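Numbering of the sequence shown is given in our numbering, commencing with residue 1 and proceeding in unit increments.
Glycine residues also receive a C-beta, built at the ideal position from the N, C-alpha and C atoms.
These numbers come from a predicted model, not from an experiment.
Before any comments, here is the structure.
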Amino acid sequence: MKKIYLVPALQLFALSLFAQAEFAPSGAEWFYQSTSGYTTAASTFDGFEQLRYTGDTLVDGRTFKKIDSRMFTRSTSRADRSSLHLLFQQADSVFEYYPETQQNHFLFRNNYAVGDVVFDESGWVLTVQSIETLDFNGIQVRHFTIGNGLTTSPTGVYDRFGPEAGLFSSDPWERIADEGTVRLRCYADTGFPLAKLRNEPCDAILKPFDSGFTAQFLPNPARDEAKIFIDGIPTGLVRLTVFDAAGRLILEKNLTGQTDRISVRHLPAGMYSCVFQDEKTTFHKKLIKY
1 MKKIYLVPAL QLFALSLFAQ AEFAPSGAEW FYQSTSGYTT AASTFDGFEQ LRYTGDTLVD
61 GRTFKKIDSR MFTRSTSRAD RSSLHLLFQQ ADSVFEYYPE TQQNHFLFRN NYAVGDVVFD
121 ESGWVLTVQS IETLDFNGIQ VRHFTIGNGL TTSPTGVYDR FGPEAGLFSS DPWERIADEG
181 TVRLRCYADT GFPLAKLRNE PCDAILKPFD SGFTAQFLPN PARDEAKIFI DGIPTGLVRL
241 TVFDAAGRLI LEKNLTGQTD RISVRHLPAG MYSCVFQDEK TTFHKKLIKY
């Protein structure tokens with residue numbers, strides 16, 4: 001894989017060149033790694049998700065692409081969840097169709113410019129930070145880095161592969177606020193050779209380290225107060241550290257028991273990074289204040 005950097009004079013040409021790229025062509029197949037959300041010195045992989053384009057279907061005069069999704073987990077190494085999604089593309093935007101509500105839901109665009117606003121809600125703004133053109137055996141693929149310029153964990157979109165943090169979501173960017181991590185491992189279609197984007201095999205299931213505990217906020221998003229639930233058995237005291245989007249320390253607290261609470265009344269609306277740590281495990285969670 002080669003990296004190609006476009007000079008500004010060529011950017012308008014590149015935008016028009018890629019604007020109508022077809023998403024999910026014949027033979028399209030994706031493999032996503034899925035992690036548990038807590039981090040230790042050991043691996044935290046729980047399984048993988050496989051997506052496949054399986055053909056077209058006609059609904060109310062519109063042609064939709066059928067995408068089959070299967071989730072494989074470490075406990076059985078077999079698919080424990082399967083679902084069918086219906087997609088369609090309009091210009092450079094990709095939508096999912098919900099038959100039960102007969103509504104279309106925007107997923108992502110495959111043609112952005114630097115500075116484009118991708119998400120803007122409650123003071124949390126994500127924009128396109130940079131664009132990189134990659135070369136896979138002579139086929140060019142663009143990668144759009146998306147963040148707020150401050151967070152240490154930006155996400156991204158490939159124009160041919162889609163969002164690197166998972167294709168389907170009630171909110172395409174909610175995974176930024178999720179405790180888990182989803183990353184695109186591999187992609188291929190009939191006209192595109194297999195692209196490996198991670199070091200591990202496409203369908204690898206690795207045994208995770210025993211985290212000892214996880215944590216949840218209720219409500220999340222929160223208004224004046226967020227209640228904390230500890231699930232599992234921590235080793236020793238659990239310490240909570242909260243940072244704002246700029247990485248500034250906002251709050252530190254030693255938690256007591258399996259439930260505790262923090263006041264968020266004084267916090268501006270936005271998204272906050274929360275780190276729970278005992279003697280063995282570090283668990284990451286996002287808190288949304290609205």
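Query - CB of Ala-165 within 7 angstroms of CB of Val-182, strictly - result: Position 165 of the sequence shown, counting from 1, holds the residue named residue 165. Position 182 of the sequence shown, counting from 1, holds the residue named residue 182. Against a cut-off of 7 angstroms, the Cβ pair of Val-182 and Ala-165 comes out as a contact.
Requested in this report: Decide if the segment 183-192 is in contact with the segment 259-272; the criterion is three or more beta carbon pairs, one per stretch, under 8 angstroms apart.
Outcome: Three or more beta-carbon pairs separated by less than 8 angstroms are not found between the segment 183-192 and the segment 259-272, which leaves the two stretches without contact.
Query raised in the report: If you draw a straight line from the alpha carbon of Arg-198 to that of Phe-23, how long is it in whole angstroms?
Result: One-based indexing of the sequence shown puts residue 198 at position 198. One-based indexing of the sequence shown puts residue 23 at position 23. In a straight line, the C-alpha of Arg-198 is about 21 angstroms away from that of Phe-23.
Query raised in the report: Helix, strand or coil for Glu-377 per DSSP?
Result: The structure shown has nothing for residue 377, since the chain only spans 1 to 290.
Query raised in the report: In terms of residue numbering, what span does the beta strand (DSSP E) encompassing Arg-239 cover?
Result: In the sequence shown, residue 239 corresponds to position 239, counting from 1. Taken as a continuous stretch (DSSP letters only), the beta strand (DSSP E) holding Arg-239 covers 239-243.
Query raised in the report: Where does Ala-301 sit, in a helix, a strand or coil, going by DSSP?
Result: In the structure as shown, the chain begins at 1 and stops at 290. Residue 301 is therefore absent and cannot be evaluated.
Query raised in the report: By a C-beta neighbour count over all protein chains shown, 10 Å radius and 16 as the cutoff for buried, is Glu-49 buried or exposed?
Result: On the sequence shown, residue 49 is found 49 positions in, with the first residue counted as 1. The residue in question, Glu-49, is buried, as its Cβ has 16 or more Cβ neighbours within 10 Å.
Query - Cβ-based neighbour list, Thr-241, same chain, cut-off 6 angstroms, excluding 5 preceding and 5 following - result: Position 241 of the sequence shown, counted from the first residue, corresponds to residue 241. Once the five neighbours on either side are set aside, the close Cβ partners of Thr-241 are Glu-252, Val-275.
Requested in this report: For the beta strand (DSSP E) containing Gly-191, list its first residue and its last residue.
Outcome: For the purposes of this step, residue 191 is identified with residue 191 of the sequence shown, where counting begins at 1. Gly-191: not part of any beta strand (DSSP E); DSSP gives it neither H nor E.
Query raised in the report: Tell me, which residues are paired with His-293 by DSSP?
Result: Since the first residue of the chain shown is 1 and the last is 290, residue 293 is not available in this structure.
Query raised in the report: Using the C-alpha atoms, what's the distance from Arg-62 back to Phe-88?
Result: Within the sequence shown, numbered from 1, the residue matching residue 88 stands at position 88. Within the sequence shown, numbered from 1, the residue matching residue 62 stands at position 62. Annotation: Phe-88 to Arg-62 spans about 8 angstroms, alpha carbon to alpha carbon.
Query raised in the report: Is the distance from the Cβ of Phe-144 to the Cβ of Val-125 below 7 angstroms?
Result: Counting from 1 along the sequence shown, the entry for residue 144 is found at position 144. Counting from 1 along the sequence shown, the entry for residue 125 is found at position 125. No.
Query raised in the report: Buried or exposed: where does Tyr-98 fall if 16 or more other Cβ atoms within 10 Å of its Cβ makes it buried?
Result: Looking up residue 98 in the sequence shown gives position 98. The residue is exposed, with fewer than 16 neighbouring Cβ atoms inside 10 Å.
Query raised in the report: Hey, quick one: how far does the beta strand (DSSP E) through His-143 stretch, first residue to last?
Result: Locating residue 143 in the sequence shown gives position 143, where the first residue counts as 1. Here the beta strand (DSSP E) through His-143 covers 139-147.
Requested in this report: State the Cα-Cα distance for the pair Phe-213 and Pro-154, rounded to the nearest angstrom.
Outcome: As a working mapping, residue 213 is identified with position 213 in the sequence shown. As a working mapping, residue 154 is identified with position 154 in the sequence shown. The C-alpha of Pro-154 is placed about 26 angstroms away from the C-alpha of Phe-213.
Report task. Out of Glu-121, Lys-285, Glu-200, Leu-134, point me to the one whose CA is closest to Pro-268's CA. Result -> Position 268 of the sequence shown, counting from 1, holds the residue named residue 268. Cα-wise, what sits closest to Pro-268 is Glu-121.
Query raised in the report: Whose C-beta lies closer than 6 angstroms to the C-beta of Ala-28 among residues of the same chain, with five residues either side of it excluded?
Result: Position 28 of the sequence shown, counted from the start, is the residue given in the question as residue 28. Same-chain partners within the cutoff: Tyr-53, Asp-189.
Requested in this report: Tell me Lys-66's beta-bridge partners as DSSP assigns them.
Outcome: As a position in the sequence shown, residue 66 is number 66, starting the count at 1. DSSP lists Gly-55, Leu-86 as the beta-bridge partner residues of Lys-66.
Report task. Would you kindly report the start and end of the unbroken beta strand (DSSP E) that includes Val-118? Result -> Start at 1 with the first residue of the sequence shown, and residue 118 comes out as number 118. Unbroken beta strand (DSSP E) run through Val-118: 117-121.
Query raised in the report: Between which two residues does the beta strand (DSSP E) carrying Ala-215 extend?
Result: Counted from its first residue, the sequence shown places residue 215 at position 215. First-last of the beta strand (DSSP E) with Ala-215: 213-218.
**Report entry** Residues bridged to Asp-203 (per DSSP)
**Finding:** Position 203 of the sequence shown, counted from the start, is the residue given in the question as residue 203. Paired residue(s): none; Asp-203 is not in a bridge.
Report task. Determine the direct distance from the alpha carbon of Phe-31 to that of Asp-203, and round the result to whole angstroms. Result -> For the purposes of this step, residue 203 is identified with residue 203 of the sequence shown, where counting begins at 1. For the purposes of this step, residue 31 is identified with residue 31 of the sequence shown, where counting begins at 1. Using only the alpha carbons, I get a separation of about 7 angstroms.
Query raised in the report: If you compare alpha carbons, which of Met-71, Phe-95, Phe-119, Gly-149 is closest to Lys-65?
Result: Walking along the sequence shown from the start, residue 65 turns up at place 65. Out of Met-71, Phe-95, Phe-119, Gly-149, Phe-95 has the C-alpha closest to the C-alpha of Lys-65.
**Report entry** Which of helix, strand or coil DSSP assigns to Gly-270
**Finding:** For the purposes of this step, residue 270 is taken as residue 270 along the sequence shown, with counting starting at 1. Gly-270: strand per DSSP, three-state reduction.
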